[in-house]
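Note that the protein sequences, when read in sequence, are chains A and B.
Numbering-wise (the numbering used here), the first sequence opens with residue 17 and increments by one.
Numbering-wise (the numbering used here), the second sequence opens with residue -17 and increments by one.
The C-beta atom is built at its ideal place from N, Cα and C for all residues, glycine as well.
Bear in mind the structure is a predicted one, so any value in this text is a computation, not a measurement.
Here is the structure we will look at, set down as structure tokens.
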Amino acid sequence: MNITTPSRPVIGTPHRPYRRGVENAILGGVCGGLAIRLGVRERIVRILFCLGALVAGIGLLLYVVLWLCLPRADESDAIAQRLLGPRRQLRRVLVGLVAIIVFGLILQALGAPSLGAYTLPIWLSLVGMIGVWRGASPDERRHLEELAKSAPIVGVPGSRTKRSFYLRVILGAILVFAGLRVLRHFGGAWYVASPALVGTLILLAGVAVGLAPWWLATLSDLTGERRERVRVEERANVAAHLHDSVLQTLTLIERAAGDAEAVTRLARNQERELRAWLFDPEHASSRDLAHSYVAQLHEMEAEVENDWGVKVELVTVGDLELNDDVVALVAAGREAAINAAQWSGASTVSIYAEVEPATVSLFIRDQGSGFNLAAVPSDRRGIELSIRQRMERHGGTVALKSIIGAGTEVELVLPRSS
Amino acid sequence: MSQPRVFLVDDHELIRSGIRSELAGAVDIVGEADEVEAAVEMILERNPDVVLLDVHMPAGGGVAVLRALNGRCPEVRVLALSVSDAAEDVIAVIRAGARGYVTKNISGPDLLDAIYRVAAGDAVFSPRLAGFVLDAFSLEGAQLEAADVDPDLDLLTPRERQVLRLIARGYSYRDVATELVISPKTVESHVSSVLRKLQLSNRHQLSNWASERHLL
């Protein structure tokens, strides 16, 4: 979003930096951009490029290279940067390049009609154009699609129906056939014509591949329509959901306006539900089943927040299927979290769960009052029974650390059985 | 340290005034904007120390602001602010150049602390963000594509992993320092190094998150 770049050349005033034009682009905006950069009329630049193209195709090649390497004025990355960014993409580009060169060599070997000095620049430009198509931003692609639709032969406006497509194919076939007759006539004998035939077929295949983008453009029109329909349905879903959950809760809050604690609880509950629905659709839908470690923890988070009026901050890394041991781990964790909510006086309980290759661990921490483990009265057996003994039964360990005035952390670790 | 000069970007007036009143007196608010283009222009003009940037806005949101600022004012540091803490949002703004990320339900003092930290050049990692990073840089992923991994960028050191794990457990930087018997400055340099990796690594988990971001 470069605000200062003019959209048309200011005659006589060069403007840095050199970017491809957007407003004044016909094809890629290379000439328009250069005109802005130099402060001259676009037409002069365009004529010079066309003249350059007549000199063994150099102008054409230069145009495509600039198209690839220069960012558009409203974008930060050039097409080439975008293509070469991810390493995997780079590999694909190299493979494509090699394939094109091999293809060119085969054509050469088969004796396809050569264009003399123009051959190489034209091939390279073709490769470049494929690159442009692959790496173009959605905006630029839309521009090119529009251009393609208004181009002659390929897509006369309003002719993108099935019938005109068949017509074109039949017309093409007749032309190819006629062309072959002509070739045979001039070649005099079939054995002279057959290499030319192979060459022509390959050339046609090449043209078909080259036209694939226009095909895609037609297809994308269809998907666009489908997408629109999905969007409308989505909106209806959102409205329904908001009505069922958010509006209901707001009504409840209005009714409970006098009871601060109830209001907080309702709001927090609704916030969590809405958040899950908006940003974490997978967990939201599988919540009812709660068949994984993380899903169980989310359930526990909600329960502790609701029942004890504290904020639970749950962070999870990795996940695994439930089994008896994991259920016990979560149960022990719930006990620890409830202890923290009930006794520590802290307003937030942090829970961190991590699944590693060899272990599953759960940390419950509060920054509350802390306590002296030795001073816990013997009739309060929560830690001993619900946490330590339960973990030990399932082969796990408990580490408890509490500092008076700074808080408590319970660390539960369970080895993973196979 | 003198009061940092703060710039607010959020499309909701209510949120902006809330933040203003919470920060009143503790920072110097030099301006605010409610849309992407105005924000970019004014930030370039006023050169604040810290930009508080809303993630979800029309016309590209916080990421668009970060992209437009990209490289044009390296001394301006951005702290992203959002209602969501969905992975794709967090990762996208961090990779676009934000120095930290907090959710809007953060308390006033915590927000102030985060602003001062970002102003001083440090990174702000919430427990949730630390969890994302541990997830994204999981060892299992690394083994799958060992050939493609750049150890300087794509792997966390054991120490960084320890630090992140403690942050995810709810430890403050100071608590982390005490627990690992290192200085708070060292903790901060570990976190900054993780932030750099998060921004530059090519791990596909990260680029996926960044590219799949078309929510809202």
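Looking at the C-beta of S174(B), does it have a partner C-beta in chain A at a distance below 8 Å? The residue given as residue 174(B) occupies position 192 in the second sequence. It does not: the Cβ of S174(B) has no partner Cβ on chain A nearer than 8 Å.
When we look at the beta-carbon of A345(A) and count the other beta-carbons within 10 Å, is it buried (16 or more) or exposed? Translated into the one-based positions of the first sequence, residue 345(A) becomes position 329. Contrary to the premise, residue 345(A) reads as Leu rather than Ala in this sequence. L345(A) comes out buried.
Any contact of the segment 40 to 56 of chain B with the segment -6 to 4 of chain B, i.e. 3+ C-beta pairs under 8 Å? They do not touch, by the three-pair rule.
Listing by chain order, which chain A residues have their CB less than 8 Å from the CB of S120(B)? Looking up residue 120(B) in the second sequence gives position 138. Here the neighbours are V333 and G334.
Rounding to the nearest angstrom, what Cα-Cα distance links S141(A) and I95(A) in this structure? The residue labelled residue 141(A) in the question sits at position 125 within the first sequence. The residue labelled residue 95(A) in the question sits at position 79 within the first sequence. Approximately 15 Å between the Cα atoms of the pair.
Reference E39(A), options T29(A), A51(A) and R32(A), closest by Cα: Here residue 39(A) corresponds to residue number 23 of the first sequence, with the count starting at 1. Nearest option by C-alpha distance: A51(A).
Do the CB positions of G349(A) and M316(A) come within less than 8 Å of each other? Against the first sequence, residue 349(A) aligns to sequence position 333. Against the first sequence, residue 316(A) aligns to sequence position 300. Yes; because the gap between Cβ atoms is below 8 Å, this pair is in contact.
Since I believe I97(B) is in contact with V(-12)(B) (beta carbons under 8 Å), could you give me their beta-carbon distance rounded to a whole number of angstroms? Sequence index remark: in the second sequence, residue -12(B) carries index 6 (1-based). Sequence index remark: in the second sequence, residue 97(B) carries index 115 (1-based). That pair is a contact at about 6 Å.
Mapping the DSSP letters down to three states, classify Y34(A) as helix, strand or coil. To locate residue 34(A), count along the first sequence from 1; it is residue 18. Of the three classes helix, strand and coil, the one that applies to Y34(A) here is coil, per DSSP.
Where does G412(A) land, buried or exposed, given buried means 16+ other C-beta within 10 angstroms? Within the first sequence, the letter at position 396 stands for residue 412(A). Label assigned to G412(A): buried.
Give me the residue from S385(A), L268(A) and E425(A) with the minimum Cα distance to V414(A). Position 398 of the first sequence holds residue 414(A). It is E425(A) whose Cα lies nearest to the Cα of V414(A).
Alpha-carbon spacing of V176(B) relative to L70(A), whole angstroms: Within the second sequence, numbered from 1, the residue matching residue 176(B) stands at position 194. Within the first sequence, numbered from 1, the residue matching residue 70(A) stands at position 54. Each residue's Cα considered, the two are about 54 Å apart.
With a cut-off of 8 Å, does the C-beta of E321(A) fall near any C-beta of chain B? Taking the first residue of the first sequence as position 1, residue 321(A) is located at position 305. So, not an interface residue.
Which residues bound the beta strand (DSSP E) around R381(A)? Here residue 381(A) corresponds to residue number 365 of the first sequence, with the count starting at 1. Start and end: T375 to D382.
Alpha-carbon spacing of P137(A) relative to L76(A), whole angstroms: Start at 1 with the first residue of the first sequence, and residue 137(A) comes out as number 121. Start at 1 with the first residue of the first sequence, and residue 76(A) comes out as number 60. As the crow flies, the alpha-carbon of P137(A) is around 7 Å from that of L76(A).
Would you please state the rounded distance, in angstroms, between the beta carbons of G44(B) and V75(B)? I believe it to be under 8 Å. The residue labelled residue 44(B) in the question sits at position 62 within the second sequence. The residue labelled residue 75(B) in the question sits at position 93 within the second sequence. About 5 Å separates the beta carbon of G44(B) from that of V75(B), a gap short enough to meet the 8 Å contact definition.
Suppose contacts are defined by Cβ-Cβ distances below 8 Å. Is L258(A) in contact with S66(B) by that definition? Looking up residue 258(A) in the first sequence gives position 242. Looking up residue 66(B) in the second sequence gives position 84. No, Cβ-Cβ distance for L258(A) and S66(B) is not below 8 Å.
Given this structure, state the Cα-to-Cα distance separating L54(A) from L67(A), to the nearest angstrom. By one-based count along the first sequence, residue 54(A) stands at place 38. By one-based count along the first sequence, residue 67(A) stands at place 51. A direct Cα-Cα distance of roughly 19 Å separates L54(A) from L67(A).
Endpoints, the beta strand (DSSP E) within which A102(B) is located: Stepping through the second sequence from its first residue, residue 102(B) is reached at position 120. Taken as a continuous stretch (DSSP letters only), A102(B) belongs to no beta strand (DSSP E), as it is neither H nor E.
8 Å Cβ cutoff, L142(A) in contact with chain B: Position 126 of the first sequence holds residue 142(A). So, not an interface residue.
Buried or exposed: P373(A), going by 16 or more other Cβ atoms within 10 Å of its Cβ? One-based indexing of the first sequence puts residue 373(A) at position 357. With fewer than 16 other Cβ atoms within 10 Å, it is exposed.
Please return the same chain residues whose Cβ sits closer than 6 Å to the Cβ of V178(B), not counting the five positions on each side in sequence. Within the second sequence, numbered from 1, the residue matching residue 178(B) stands at position 196. First, the amino acid is wrong: residue 178(B) is Arg here, not Val. Here the set comprises nothing.
Confirm, please, whether the CB-CB distance from R151(B) to Y309(A) is below 8 Å. Here residue 309(A) is taken as the residue at index 293 of the first sequence, counted from 1. Here residue 151(B) is taken as the residue at index 169 of the second sequence, counted from 1. Contact flag unset, no.
6 Å Cβ shell around D341(A) - same chain, five flanking residues per side excluded: Position 325 of the first sequence, counted from the start, is the residue given in the question as residue 341(A). Closer than 6 Å at the Cβ level, and outside the excluded window around D341(A), lie H410 and L430.
Taking 8 Å as the threshold (C-beta atoms), are G82(B) and L61(B) in contact? Position 79 of the second sequence holds residue 61(B). Position 100 of the second sequence holds residue 82(B). One thing to note: L61(B) has its Cβ within 8 Å of the Cβ of G82(B).
Measuring only the C-alpha atoms, how far is S301(A) from R288(A)? Numbered from 1 along the first sequence, position 285 holds the residue referred to as residue 301(A). Numbered from 1 along the first sequence, position 272 holds the residue referred to as residue 288(A). Low per-residue confidence applies at S301(A): pLDDT is 49, beneath 50, and the placement is therefore not dependable enough to give any value.
Using three-state DSSP, classify V114(A) as helix, strand or coil. Residue mapping note: residue 114(A) aligns to position 98 of the first sequence, counting from 1. V114(A): helix per DSSP, three-state reduction.
A74(B) lies in the alpha helix (DSSP H); which residues open and close that run? As a position in the second sequence, residue 74(B) is number 92, starting the count at 1. A69 to A78 is the span of the alpha helix (DSSP H), which, as asked, contains A74(B).
My assumption, with CB atoms under 8 Å, is that A352(A) sits in contact with I420(A). Please give the rounded CB distance. For the purposes of this step, residue 352(A) is taken as residue 336 along the first sequence, with counting starting at 1. For the purposes of this step, residue 420(A) is taken as residue 404 along the first sequence, with counting starting at 1. Contact flag wrong, Cβ pair sits at about 18 Å.
Does the CB of E329(A) have a neighbour CB from chain B at under 8 Å? To locate residue 329(A), count along the first sequence from 1; it is residue 313. Chain B contact via Cβ: present.
Using a Cβ cut-off of 8 Å (strictly closer), state whether H31(A) contacts chain B. Residue 31(A) sits at position 15 when you count from the first residue of the first sequence. By this cut-off, H31(A) is not an interface position.
Please return the same chain residues whose Cβ sits closer than 8 Å to the Cβ of F114(B), not counting the five positions on each side in sequence. As a first step, residue 114(B) must be located in the second sequence, where it is residue number 132. For F114(B), where only same-chain residues beyond five positions count, the Cβ hits under 8 Å are A69, V72 and I73.
For R59(B), list the residues DSSP reports as bridge partners. Indexing the second sequence from 1 puts residue 59(B) at position 77. Answer is V32(B).
Buried or exposed: which applies to I380(A), given that a residue is buried once 16 or more other Cβ atoms fall within 10 Å of its Cβ? In the first sequence, the residue the question calls residue 380(A) occupies position 364. By the 10 Å Cβ count, I380(A) comes out buried.
Can you have a look at R88(A) and say buried or exposed, based on whether 16 or more other CB atoms are within 10 angstroms of its CB? Locating residue 88(A) in the first sequence gives position 72, where the first residue counts as 1. By the neighbour-count rule (16 or more Cβ atoms within 10 Å), R88(A) is buried.
Take G120(A) and list the residues in its own chain whose beta-carbon comes closer than 7 Å to its own, dropping the five residues that flank it on each side. As a working mapping, residue 120(A) is identified with position 104 in the first sequence. Closer than 7 Å at Cβ, skipping near neighbours: W139.
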